[in-house]
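Chains as they are written, first to last, in our numbering: chain P, 229 to 562; chain D, 229 to 773. Data block below; observations after.
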Amino acid sequence: MGRYVIRRLLQAVLTLFFVLFLLHYLLSLAIQVNGNPARTFFGDKPATPEQIAAVEAKFGTDDPCLDRLGDPCLGMFQQRMADWMTLDFGTNFDGYAVTDEIVRAVPPTLILFAISTSVWVLFGVTTGVLAAMKRGRFFDYLVRAGTTFTVAVPTFLLLVITQQLVGVSLGNWARDTFGRESVLGIVFQPSYDDRYPFLSLLVPGILLGAFGIAGITRLSRTSMLENLRADFVRTAKAKGLTSRRVTIVHTLRNSLIPVITLVGFTLADALGGTVITEGIYSIPGMGGLAYNATRENDLPVVIAIVAILSVCFMVVTLLIDLLYAVLDPRIRYE
Amino acid sequence: MRNNRRVITAISALALTGVGLAACGGGDGGSGSGSGSDGTLRLGLGEPQNLIPANIQETEGGEIADRLYAGLYTYDMEGNLAPVLADGVPTTEDNKVWTIKLQEGFTFQNGEEITAETFVKSWNYTVYGENANYGAGFFKQIDGWAEMQLGEDPDGDGPEEAAKPEATELSGVKAVDPLTLEVTLAEPWVGFPVTLGYTAFMPMADECLADIDACNETPIGNGPYKIDGKWNHNSSIHMEKWADYKGTQPSIERIEYKIYTGDATAWPDFEAGKIDIAAPGAEEYEVAKAEYGDAMREEETGQTWGLGFPVYDEKFSDPNVRKAFSMAIDRQGYIDGLFQGRYTVANSYTPAVIPGYLEGTCGEACTFDPEAAKQLLADTDFPMDQPVELWVNSGPGEDYLKVLGDQLAANLGITYELKTLEWPDFLGKKDGHELTGPFLTGWSPDYPLNQNYLEPLYGNGPDGNDFGFHGEEFEQLLAEGNRAETLSDAMTKYQEAEKVLAADLPVAPIWVTRTATVIGENVDPDSFQRNPILGTIDINSLKLL
Chain P
229 MGRYVIRRLL
239 QAVLTLFFVL
249 FLLHYLLSLA
259 IQVNGNPART
269 FFGDKPATPE
279 QIAAVEAKFG
289 TDDPCLDRLG
299 DPCLGMFQQR
309 MADWMTLDFG
319 TNFDGYAVTD
329 EIVRAVPPTL
339 ILFAISTSVW
349 VLFGVTTGVL
359 AAMKRGRFFD
369 YLVRAGTTFT
379 VAVPTFLLLV
389 ITQQLVGVSL
399 GNWARDTFGR
409 ESVLGIVFQP
419 SYDDRYPFLS
429 LLVPGILLGA
439 FGIAGITRLS
449 RTSMLENLRA
459 DFVRTAKAKG
469 LTSRRVTIVH
479 TLRNSLIPVI
489 TLVGFTLADA
499 LGGTVITEGI
509 YSIPGMGGLA
519 YNATRENDLP
529 VVIAIVAILS
539 VCFMVVTLLI
549 DLLYAVLDPR
559 IRYE
Chain D
229 MRNNRRVITA
239 ISALALTGVG
249 LAACGGGDGG
259 SGSGSGSDGT
269 LRLGLGEPQN
279 LIPANIQETE
289 GGEIADRLYA
299 GLYTYDMEGN
309 LAPVLADGVP
319 TTEDNKVWTI
329 KLQEGFTFQN
339 GEEITAETFV
349 KSWNYTVYGE
359 NANYGAGFFK
369 QIDGWAEMQL
379 GEDPDGDGPE
389 EAAKPEATEL
399 SGVKAVDPLT
409 LEVTLAEPWV
419 GFPVTLGYTA
429 FMPMADECLA
439 DIDACNETPI
449 GNGPYKIDGK
459 WNHNSSIHME
469 KWADYKGTQP
479 SIERIEYKIY
489 TGDATAWPDF
499 EAGKIDIAAP
509 GAEEYEVAKA
519 EYGDAMREEE
529 TGQTWGLGFP
539 VYDEKFSDPN
549 VRKAFSMAID
559 RQGYIDGLFQ
569 GRYTVANSYT
579 PAVIPGYLEG
589 TCGEACTFDP
599 EAAKQLLADT
609 DFPMDQPVEL
619 WVNSGPGEDY
629 LKVLGDQLAA
639 NLGITYELKT
649 LEWPDFLGKK
659 DGHELTGPFL
669 TGWSPDYPLN
679 QNYLEPLYGN
689 GPDGNDFGFH
699 GEEFEQLLAE
709 GNRAETLSDA
719 MTKYQEAEKV
729 LAADLPVAPI
739 WVTRTATVIG
749 ENVDPDSFQR
759 NPILGTIDIN
769 SLKLL
């Protein structure tokens, strides 16, 4: 087990390095092709070459390699990695420390993820399992129709409609009835409120959870159905175990393996969803930070965020692999 | 099976307790239902880039600076200079050396006194090349500006550093005594006082200059409001009325700005009653107009848009070609179709809110006449068989230009090709005269004077502007205006220059932006007015209900 973890970690470090370099190269290329972002500081107003040079120095985009198309800018990459060793992540184009920006952006996104993961696990897995148990009954059809519906409705549309109906219409009713600072008034509001981070993130968190829930529900159902017919379940029933023990210990536990893999990947996919969710609900999180930084070609921020996300993603995959071992004795004893 | 039912029961119980909890909480806060008229004004804002006056370049930062800081002058609703810290307008004998008197007794919020020396220090910081402040460009006409800038970089972007600025102090600015500031310009210019109301000229405390980064997070202002806490990036800025402010005290006790990130806007929050004044976006405009009626105010701004021509390009060097293109644009139809009719047709280079505005300087060239346009173009050497390349940076401008291209194609019988570039690339190619066809171009004022819409854009010789335009008579008239004795004489000269420019038409003016603002029920609608020059709400007149 220990050797397995170490091998996985070493792989992860190598992958991370490769991802970072690729990203650095792509962003340098973007500047080489699209021009130095320092010029945009002045917008439509005229600027002298000396003024632009001063801003390039401030932005850290004054390396001459950025003027040569295709140059990998190895010097810049080396410098950045050396800075990172000393935990210096540099500053963004507005002169603020990247570390501060990220530290501020992490909590709302974490809350958002915590809410949507709970939705997947509590709601997705539960309904999937129940649908399997009630196969062919009304509840099963309801779940299947419901999952098809969530896949069919575009996330963006769902977010905008909910913002209007729940945030504005229902929220106005709640605020008129119970008061501006009431729990319902805060939960049903059209944007993030930094005084009540958890409550105001509840609705967008659930919506983000709706993104990807169909897959998890369907997979739980199928996986459960498959195991219900498995030999070991029949044996367990034949042994005279209680139906509760058969369902939870023997069937459910084994059915969760593929589901957990999917939860991990859906979480990674949901990063894309946070960009939209955070954008519409004005949540100052990682998705919005990444989106704006990419749009402005803000190199230090983009690279730092992607590094963090890659690390998170690798940790999540590692955890999933370890969970396999916990759930399935066959993997554990190999 | 029984067990499964229990699971369902557990879930519904959980859901019910959740609702129950929420309902309980709701009951507690029930007393203050509805309006939030507690002396607090709640506004929405995009994340500012910076809160240091020297480095503010966008409306978001400008809005905050206007509340926290007070400058020598501001602009009144007509765009005229109005003293704030200064005592009267600047005086001069020769339009080269200007004397500005300060009122006594103004201080910063940390207790530091504001004297002439404060401005000397603040302005030196702003202009010094290595600080790379956006506001540095506003001081260009002051003597000694060039010596404060970085020298030429010997090897372009190479490893050798650019030479340090020769001077650390702006030689044209002197504190004669604690209440007298003397500014010497490089060349006499009667329009100089008009520039002084801009954010870049606001004073900064010694404590602020000593630690700019800290001051950016927690501004040390000298204006009617004082920041409460610090700038909560991407989420909020709160401020309270500063009782020790010696100028006009506003009536609103507290302002809370909520910051919207990404593409989010304050509009849904306004509809939910959490924001008091908001601007509907393009999608919400018509609904808002129908729903709010009189509570929606629409006002002219100083932002103009037009189709720029590459005068340096052979195909567009003939003024008649440019005139034909301009006459082929149905401006009102364009604005009605693309902007739901919310903007104003531009028929001059200077917009109506700017002092020195003269109606219809563009004249016939800005009047829609497809027949004449087609005829005019046919009489030139314009190659009709090649597609015209239309340039724009990626974003909403692509749609704007496409609709314009369709009009040109239909009315002139040309074909066009849309060329989209990323913003930095577009700016670089525009600077370098590499755009090979007409492009979309906009301008916002730096100071309220018609000269600002002429000289920086089309003056300075063919290499000094984006269009490669060189009008000898135009530049001559501008120079005469700059040397005029009085401001009104200067404006007249600038107006003459504008008429001459319109005959050459380096840009076809198309529209002037208008703002739409909806006023919520907590605010007295009669007290609302927006300053057309600064683009901010006049906080002194605004009252809550």
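Think of the CB as a built atom: it goes at the ideal place given N, C-alpha and C, for glycine as much as any other residue.
{"Item": "Check whether D:Ile370 and D:Val411 have beta carbons under 8 Å apart", "Value": "yes"}
{"Item": "Chain P within 8 Å of D:Lys647, Cβ atoms only", "Value": "no"}
{"Item": "Touching by the beta-carbon criterion (3+ pairs, under 8 Å), the stretch 557-572 of chain D and the stretch 587-599 of chain D", "Value": "yes"}
{"Item": "Residue(s) in a DSSP beta bridge with P:Phe269", "Value": "P:Phe269 is not bridged to any residue."}
{"Item": "Within chain D, the residues that P:Thr268 reaches when beta carbons sit closer than 7 Å", "Value": "Trp651, Pro652 and Leu655"}
{"Item": "C-beta atoms of D:Ala433 and D:Val348 nearer than 8 Å", "Value": "no"}
{"Item": "C-beta atoms of D:Glu358 and D:Pro393 nearer than 8 Å", "Value": "yes"}
{"Item": "Closer than 8 Å to chain D by CB, P:Pro528", "Value": "no"}
{"Item": "Euclidean distance between Cα positions of D:Arg550 and P:Phe541", "Value": "56 Å"}
{"Item": "Nearest-angstrom Cβ-Cβ length linking P:Val353 and P:Ser448, presumed shorter than 8 Å", "Value": "5 Å"}
{"Item": "Residues sharing a beta bridge with D:Gly670, DSSP", "Value": "D:Trp533"}
{"Item": "Residue environment, P:Asn320, which counts as buried when at least 16 other CB atoms sit within 10 Å", "Value": "buried"}
{"Item": "Contacting residues, own chain, Cβ-Cβ under 8 Å from D:Ser545 (five flanking each side not counted)", "Value": "Val539"}
{"Item": "Delimiting residues of the alpha helix (DSSP H) encompassing P:Gly516", "Value": "Met514 to Arg523"}
{"Item": "Rounded C-alpha distance that separates P:Pro486 from P:Ser451", "Value": "8 Å"}
{"Item": "D:Leu313 vs D:Phe334 beta-carbon contact at 8 Å", "Value": "yes"}
{"Item": "Three CB pairs or more closer than 8 Å across the stretch 479-498 of chain D and the stretch 711-719 of chain D", "Value": "no"}
{"Item": "Interface residues of the stretch 385-398 of chain P facing chain D [CB-CB below 8 Å]", "Value": "Gln391, Gln392, Gly395 and Val396"}
{"Item": "Cα-Cα separation between D:Ser479 and D:Asp732, rounded to whole angstroms", "Value": "50 Å"}
{"Item": "Cβ of D:Pro624 within 8 Å of any chain P Cβ", "Value": "no"}
{"Item": "Bounding residues of the alpha helix (DSSP H) (the contiguous stretch that carries D:Val735)", "Value": "Not the alpha helix (DSSP H): D:Val735 falls in the beta strand (DSSP E), residues Val735 to Ile747."}
{"Item": "Supposed contact pair P:Asp422 and D:Asn678 - C-beta distance, whole angstroms, cut 8 Å", "Value": "Their Cβ separation, rounded to whole angstroms, is 44 Å, which puts D:Asn678 and P:Asp422 out of contact at 8 Å."}
{"Item": "Residue range of the unbroken alpha helix (DSSP H) whose run includes D:Met719", "Value": "Leu715 to Asp732"}
{"Item": "Proximity test, Cβ basis, 8 Å: D:Trp823 and chain P", "Value": "Because chain D in this structure spans residues 229 to 773, residue 823 of chain D falls outside the shown range and cannot be described."}
{"Item": "Contact set between P:Pro432 and chain D, taken where Cβ atoms lie within less than 7 Å", "Value": "Simply none; closest approach about 11 Å."}
{"Item": "Residues that DSSP places opposite D:Pro311 in a beta bridge", "Value": "D:Tyr301"}
{"Item": "Residues near P:Leu490 in its chain [Cβ-Cβ closer than 7 Å; skip 5 each side]", "Value": "Gly443, Ile444 and Leu447"}
{"Item": "Contacts that P:Asp422 makes with chain D (C-beta to C-beta distance below 7 Å)", "Value": "Asn460, Ser463 and Ser464"}
{"Item": "Supposed close pair D:Ala360, P:Lys286 - CB separation, criterion 8 Å", "Value": "5 Å"}
{"Item": "8 Å Cβ cutoff, D:Leu273 in contact with chain P", "Value": "no"}
{"Item": "Contact under 8 Å by Cβ, D:Tyr353 with D:Leu437", "Value": "yes"}
{"Item": "With 16 other Cβ atoms within 10 Å as the buried cut-off, status of P:Thr494", "Value": "buried"}
{"Item": "CB contact below 8 Å: D:Leu378 versus chain P", "Value": "yes"}
{"Item": "Identified DSSP bridge partners for D:Glu527", "Value": "D:Thr743"}
{"Item": "Secondary structure of D:Leu398, DSSP reduced to three states", "Value": "coil"}
{"Item": "Straight-line Cα distance separating P:Glu524 from D:Ser263", "Value": "With a pLDDT of 44 at D:Ser263, under the threshold of 50, the modelled position of that residue is not reliable, and no figure is offered here."}
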